[in-house]
Amino acid sequence: MSTNGQAASFLDKSRIKAGDMDHRRKINFNIGKYESVVPLGKQQFDNVTLARERAKNIKWRAIETLDQQLERFEQAFSSRGGKVIWAENAEEALQEMIHYYQAVKDVNGTLITIWHNSFLGTDSEFEGWKEVYQSFVETVDTLPS
């Protein structure tokens, strides 16, 4: 479906949903719940600004040391018999995935792939990876079981 077709479909469905009074009642109820709970949640912090700053710093530290964390993960995972595959590009990732899918199927096993949500989203940094995953799923669907 084209982007224009998706937009038109969304608008059509939105018009129908906007007139649904039961749906509107549920939304308003939940917004009211949210508005009454957020202030209570903020009370658990003496200083919300300081808490946000500390959370930001923890996130930053995690990103700053990501390379070291990934190396430790690989080492620990490998020591337990696992194998981490680092692909340089989308094509290499697809070929590795197909290779391991076939190897696992040869022994009647189940392959589990783990993808971070951002890879399957629209972030330009991960452009092409969603297509790799889609291609993988389409490819394995055509392989003999």
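According to our numbering, the sequence shown is numbered sequentially starting from 132.
For each residue, glycine too, the CB sits at the ideal point set by N, CA and C.
Since the model is a prediction, treat every value here as computed from it, not as a measurement.
Asked: Residues of its chain near Ser-209, where Cβ-Cβ distance is below 8 Å and the 5 sequence neighbours each way are ignored; Found: Val-215
Asked: Test item: CB-CB of Leu-201 and Phe-267 under 7 Å; Found: no
Asked: Assigned secondary structure, Leu-242 (DSSP; H/G/I helix, E/B strand, else coil); Found: coil
Asked: Cβ-Cβ distance between Val-263 and Ala-234 below 7 Å; Found: no
Asked: Pro-170 versus Ala-182 - alpha carbon distance; Found: 15 Å
Asked: Short Cβ contact (7 Å threshold) for Tyr-231 with Val-271; Found: no
Asked: First and last residue of the uninterrupted alpha helix (DSSP H) at His-154; Found: 152 to 173
Asked: C-beta atoms of Leu-126 and Lys-261 nearer than 7 Å; Found: The chain is shown only over 132 to 276; residue 126 falls outside these bounds and no answer can be derived.
Asked: Where Val-263 falls: helix, strand or coil (DSSP); Found: helix
Asked: Which of helix, strand or coil DSSP assigns to Gly-213; Found: coil
Asked: Unbroken alpha helix (DSSP H) run spanning His-230, endpoints; Found: 221 to 237
Asked: C-alpha distance - Glu-227 paired with Arg-146, whole-angstrom precision; Found: 45 Å
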